[in-house]
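Since the structure comes first, as structure tokens, the remarks are kept for the end.
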Amino acid sequence: MATKLDESARNAALEGLDGWEMARNRDAIQKTFTFKNFSEAWGFMSRVALKAEQMDHHPEWFNVYRTVEVTLSTHDVGGLSELDIELAKFCDSLAY
């Protein structure tokens, strides 16, 4: 089971992530990804969806054309967990 990251662990994890920021008014991280076109954005979302199913940990996201906004938080623990950090790193590995 996931455990909620304390402030120190959260800050350390964020330092290791490229472009991810704390969400306003909640214990979550977010990032906006921009691709060349809709097809690339959709492909990114499809690959993340497969990983999310494997992890049983699903992102909150919003897509318009070539932009995908991703928010990660672990609802079971009421905030940020190591699962969010793992999925954020996976997202980054696909986008670059």
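Position one of the sequence shown corresponds to residue 1 (my numbering), numbered consecutively onward.
Virtual Cβ for every residue (Gly too), placed ideally from N, Cα, C.
Residue from the options with nearest C-alpha to residue i
| i | options | result |
| --- | --- | --- |
| Ile85 | Ser8, Leu17, Asp6 | Leu17 |
| Leu87 | Glu53, Glu40, Phe62, Val64 | Glu53 |
| Thr3 | Arg26, Leu80, Lys89 | Leu80 |
| Pro59 | Lys89, Ser39, Lys36, Asp6 | Lys89 |
Span of the beta strand (DSSP E), counted from its first residue to its last, around residue i
| i | result |
| --- | --- |
| Lys31 | 29-34 |
| Asn11 | Where Asn11 is concerned, there is no enclosing beta strand (DSSP E), although the alpha helix (DSSP H) it sits in stretches over 7-15. |
| Trp61 | 60-64 |
Residue i burial status per 10 Å Cβ neighbour count (16 or more: buried)
| i | result |
| --- | --- |
| His75 | exposed |
| Val64 | exposed |
| Phe50 | A small fix is needed here, since residue 50 is Leu in this sequence, not Phe. Looking at its Cβ environment, which holds fewer than 16 other Cβ atoms inside 10 Å, Leu50 is exposed. |
| Ala12 | exposed |
N-terminal and C-terminal residue of the alpha helix (DSSP H) that residue i is part of
| i | result |
| --- | --- |
| Val77 | Here Val77 belongs to no alpha helix (DSSP H), and DSSP marks it neither H nor E. |
Closer than 8 Å is the cut-off here; do at least three beta carbon pairs connect the segment 30-46 with the segment 58-70? Contact between the segment 30-46 and the segment 58-70 is present: 3 or more CB-CB pairs across the two stretches fall below 8 Å.
Does the segment 43-56 touch the segment 2-18, meaning 3 or more C-beta pairs lie closer than 8 Å? no
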